[in-house]
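Following: one structure in structure tokens, then a few remarks.
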Amino acid sequence: MRLLVLIAALFFAASLSQAAGAQTNVQMLVPGFFVEELPVKLSNQNNLRFAPDGTLTSLGYDGKIWRLRDTNGDGLEDTAEPFWNKPTLSVPLGMAWSTHGLYVSSKGKVSLLKDTGTDGVADEEEIIAQGWPRTDVGSGGVDATAVTLDHEGNVYFGLMVADYSNGYRLRKRKDLKPDEIAWLKQQSRWREPSTASAGEDEFSLYDLNSRRGTIQKWDARTKQLSTVATGIRVPVALAFNRAGDLFNTDQEGETWMPNGNPLDELNHIVTGRNYGFPPRHEQWLSNLVSESPVVALGPQHQSACGLVFNEPHAPLNANSAARDAKAILPSAPAQGLFGPNAWEGDAFVAGESRARIWRVHFVKTASGYVGTVQTIARLSMLTMDMAISPRGELYVCTHSGAPDWGTGPKGAGKIFKITYKDSRAPMPLAASPSAPTEVRVAFDKPLHPDVTRSVVSSNATIEFGEYVSAGDRFEVLKPPYAVVQQQDATPRGRIGIHAARLDDDGRTLVLKTDPHPLAVHYAVTLPGIKGVGQSGAGETIDLDYDLTQASQPLPKDVAAVSRETWKQPIAWAPKGRASAGTDSRAPRKPDGDWETGRALFFGAQLQCAKCHRVRGEGGLAGPDLSNLIHRDAASVLRDIREPSATLHPDYVTYQVATKDGDVIQGFVRSQKEDSIQLFDVDGKETVLARSSVESLRPTELSLMPSGLLDGRKETDVRDLLTFLLWEPPKRSLDSTKALMSRLAKQDKAGVAEGKRELRLILIASKQDHGAGQHDYPNWQTNWSRLLSNAGAKTVAETAWEWPTAAQFETASALVFYFWNHKWSPERLAQLDAFLARGGGVVLIHSAVIADKDPEVLAERIGLSAHPRRTGYRHMPFELRLVDREHPITRGLPERIDLIDEPYWPLIGDTNSVRVLASAKVDGEARPLIWTQEKGKGRIFASVPGHYTWTLNDPLFRLVLLRGIAWAAGENAGRLQDLP
């Protein structure tokens, strides 16, 4: 007897431990629920669906499909039996049961898996759709997604956009392929080159008529594909509600592309509509009209994935007659209601990267759907998908590892079961401010009278901030992007709760609060919530509300709204959006030597470029790293030091065993019916006949070797990260139009042609650095052409290494851009005489260097540099215009971001010059642009100018043009209108 008691006690303790662990992984923000982890050991699972017989089906990241069963009757699935174990599915993401088998969307195809032997194991794959264009991503891993069926058996699925970070598919002229040029000409988008820098011209290859970035329909009758909707970015989930309307989740793109899906979305898909990625653009997509999402899911970078409707129903085409019929129809077991009755008809959406589950409450109006969002759970694992069982439990599958990609196909995943256990618990439905000092929280049933007292006496709080949301204290997964760091650094505040009362027969808790100070997001945490007749301390709930735009109605009001009147402005709402003094710019990245980092990346020691491409250069076997500019340094360094910590879904390493006994590892670039294309760690391509392959399986390790940075100096690591995380600024002429307009009004006399002749001498020498650096001849040619457009009274001449005597006599200004190794006394005397007669001298970058006696040069130009006494670094920096009253800088932006080469410390007396701009280098402000007036003469000097891209930057070029005009004794705006 004692033995039986001991066994029972141990079993009970183990059950409590398992439940506690599940509760730790899944933190419910609403009361009445119980969380359990399924006692099955599976790899990371992407999707869950209940099969027609009521068993749980799970689709693995590795392409395996499992049937999960409860063998001991305790209500938890404890065994996993293979339904599909063949290596034919790569990066599967979406499945749907039909009367003839299971549809699965994966890389390059949508398949119907059939169990022809009726033994519970699929043995035949029929590919129903394939042949669409590949993505621009090297491997094209994530591809076809989100398969579902309508009531007629037509199959719907999503196709990921061609390039999730470059939606318009912009290419420089110099990078275009012949077939792309031919397509541009066919579309009347081609422009013939007209300038010397035409190779940098950009063209858009985005095709609105492509199948990429769309929802597709496979007609069950005709077996043909048609496009349902366009403008889709990453359509991870598709589902029909009981009204027959189609919805999808789409993921945020603002992290990589301005206005490219600012937040994750839940969309109502209507045939023929566009859903906004890429967004309308004056140049690339000027006539685009797109739909707004039903709800936007924030803060930024949630990675919305799974979608399920909470709609109880009877079995659907689940009997043997339906299975034996010729027509293929959707098939499903009965589905119960998850949660309280008030949740019926709602949708649940999974946010993968920041691990949460939302409840979306819908209202269908005459003009479309509107919805409200409530976070009901926070998780500690990447949250992929959900399914509701016949009994009404919510099953959730999760991935291990860090966002965005987790531990890949071989990583250990978990599946959780969430059961609604206590229907007596009052369920919070919404929180809404009704006055500056009042918040109303609506519940589905009456609250216990003691709640009003416990809320005031406990630690109930209302937190506010730009990116605040319910349950933030439980967020443990942080996507590795600078924007997320920026969100976390944004200040947060709290307002007090001073009194509480019940209204609406006890179903509304009315809170008296401090005034709401800002138009931001607010999150309410209320402990001690319990219903009438419940005992104990009660449970803690979390809700949020938004004052950034307008109010949302409480649940009892939603039936009276339309889409146009869904959110009404709040008359009393505060107008302020951020705390005073808040710097909301992204956190600073490493400021090492960009050029040294570039040499490391492309060099023979690290060999990064063998597999990786960055900003158009390098190999194609591995991921393109151009998008690392959006990541934070810590996560990028982790990916280099621990390449297997998170595995990019597009670059999973596969192991191929051939029938000859060979074993090859690499990225699968493409799979055809008769061959497989593989790239190994050296970027070598191997094409294998399928008939020669014994097995093809994903591995849990990255192809990238570990230890690449072992033994490297700390400065090497900083330099490499600097190169990876910073790209040269991409300012266009269009971006300066508004500024030019303001300057034109400011400098009324600043027209391209003044009253007197302006004669400029551009002095250069041979290039003394690598491509795009110190390219003096290129600058001289391009700027001569540029200045020739300034009108008949502006003359641009050239000189090689030093002006002629005649040029000294006639020049208005001398513009030096080269490293002058011969600052001889004779040359300095000529310079003195030129300044004395009122000439202007402009020195760009290396022109301020003196190989010897830099003090002598500084006496003429104010400050100078020396090859050994002055430091330098090719680095990103913020050029700050510290003197904005000078004619050159007046009206220009206070900050200009550059990647260039500052010099420090400069030699000379800074008190003798007027410093116009400086940059912080190693914690100290260093002068980089200055002027000096010597008698009648004027001097303008700029240390920035190492790279050709800096000289071509339209904003920095504006600084130089204004500096040249001022040095020549003209109005600073005389040359600024040059194209």
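The sequence shown begins at 1 in the working numbering and counts up one residue at a time. Each residue gets a CB set at the ideal place from its N, CA and C atoms; glycine is no exception. Since the structure is predicted, the reported quantities are computational estimates derived from the model, not experimental observations.
Leaving out the 5 sequence neighbours to the left and right, which residues in its chain are closer than 7 Å to residue i when beta-carbon positions are compared?
{"i": "Lys64", "result": "Pro82, Trp84 and Asn85"}
{"i": "Trp930", "result": "Gly862, Leu863, Val913, Arg914, Val915, Leu916 and Ala941"}
{"i": "Ser331", "result": "Pro52, Trp97, Ser98, Thr99, Leu316, Asn317, Ala318 and Ala322"}
{"i": "Gly616", "result": "Asp175"}
{"i": "Tyr651", "result": "Ser139, Gly141, Gly622, Pro623 and Phe667"}
How about residue i and residue j: are their beta carbons less than 7 Å apart?
{"i": "Asp346", "j": "Leu48", "result": "no"}
{"i": "Thr991", "j": "Tyr481", "result": "Because the chain is modelled from 1 through 979, residue 991 falls outside the range shown and cannot be assessed."}
{"i": "Tyr164", "j": "Pro278", "result": "no"}
{"i": "Ala355", "j": "Leu379", "result": "yes"}
{"i": "Val147", "j": "Gly231", "result": "no"}
{"i": "Ser784", "j": "Ala799", "result": "no"}
{"i": "Thr804", "j": "Leu758", "result": "no"}
{"i": "Pro312", "j": "Pro390", "result": "no"}
{"i": "Phe818", "j": "Ala764", "result": "yes"}
{"i": "Trp779", "j": "Pro876", "result": "no"}
{"i": "Lys107", "j": "Asp143", "result": "yes"}
{"i": "Leu382", "j": "Thr398", "result": "yes"}
{"i": "Val104", "j": "Ser111", "result": "yes"}
{"i": "Gly306", "j": "Ala239", "result": "no"}
{"i": "Asp62", "j": "Ser43", "result": "yes"}
{"i": "Leu762", "j": "Val815", "result": "yes"}
With burial defined as no fewer than 16 other Cβ atoms inside 10 Å of the residue's Cβ, what is the status of residue i: buried or exposed?
{"i": "Gln605", "result": "exposed"}
{"i": "Pro133", "result": "exposed"}
{"i": "Asn820", "result": "buried"}
{"i": "Ile127", "result": "exposed"}
{"i": "Asn287", "result": "exposed"}
{"i": "Gln1048", "result": "This structure leaves residue 1048 out entirely; the chain is present only between 1 and 979."}
{"i": "Pro479", "result": "buried"}
{"i": "Pro178", "result": "exposed"}
{"i": "Glu1006", "result": "The structure shown does not extend to residue 1006, since the chain is modelled only from 1 through 979, so no value can be given for it."}
{"i": "Gly822", "result": "In the sequence under discussion, the amino acid at residue 822 is Lys, which differs from the Gly named in the question. When all chains shown are included, Lys822 counts as exposed."}
{"i": "Lys410", "result": "buried"}
{"i": "Ala972", "result": "buried"}
{"i": "Gly838", "result": "exposed"}
{"i": "Ser584", "result": "Model confidence at Ser584 stands at a pLDDT of 45, short of 50, so the residue's coordinates are unreliable and nothing is read from them."}
To which residues does DSSP link residue i through a beta bridge?
{"i": "His521", "result": "Gly465 and Asp546"}
{"i": "Pro876", "result": "Ile899"}
{"i": "Ala296", "result": "Glu265"}
{"i": "Ser204", "result": "Leu170"}
{"i": "Glu797", "result": "Ile761"}
{"i": "Val370", "result": "Val363"}
{"i": "Cys397", "result": "Asp385 and Ile415"}
{"i": "Thr658", "result": "Val693"}
Starting from residue i, follow the beta strand (DSSP E) in both directions and report where the run begins and ends.
{"i": "Pro82", "result": "Thr79 to Trp84"}
{"i": "Lys766", "result": "Neither: Lys766 is in no beta strand (DSSP E) and is coded neither H nor E."}
{"i": "Tyr156", "result": "Val155 to Leu159"}
{"i": "Thr950", "result": "First-last for Thr950: Thr948 to Asn952, but that is the alpha helix (DSSP H), not the beta strand (DSSP E)."}
{"i": "Leu688", "result": "Glu685 to Ala689"}
{"i": "Phe34", "result": "Phe33 to Glu37"}
{"i": "Phe309", "result": "Ala304 to Phe309"}
Short of 8 Å in beta carbon distance, which residues of its chain neighbour residue i, apart from the five on each side in sequence? Order them along the chain.
{"i": "Thr513", "result": "Thr437, Glu438, Val439, Ile462, Ile495, Gly496, Ile497 and His498"}
{"i": "Ala342", "result": "Met427, Leu429, Asp444 and Pro555"}
If I follow the unbroken alpha helix (DSSP H) through residue i, where does it start and stop?
{"i": "Met740", "result": "Lys737 to Gln746"}
{"i": "Trp783", "result": "Tyr776 to Leu787"}
{"i": "Phe818", "result": "Segment: none, Phe818 is in no alpha helix (DSSP H) and carries neither H nor E."}
{"i": "Leu828", "result": "Pro825 to Ala836"}
If I measure Cβ to Cβ from residue i and keep anything under 6 Å in the same chain, skipping five residues before and after, which residues do I get?
{"i": "Glu595", "result": "His874"}
{"i": "Cys611", "result": "Gly619, Ala621, Gly622 and Gly683"}
{"i": "Ser454", "result": "Gly528"}
{"i": "Phe338", "result": "Asn310, Ile388, Gly392 and Leu394"}
{"i": "Leu786", "result": "Leu978"}
{"i": "Leu246", "result": "Phe240 and Ile269"}
{"i": "Glu291", "result": "Arg273 and Tyr275"}
{"i": "Arg563", "result": "Because Arg563 sits at a pLDDT of 46, beneath the cut-off of 50, its placement in the model cannot be relied upon, and the point is left open."}
{"i": "Glu539", "result": "Pro31 and Ile529"}
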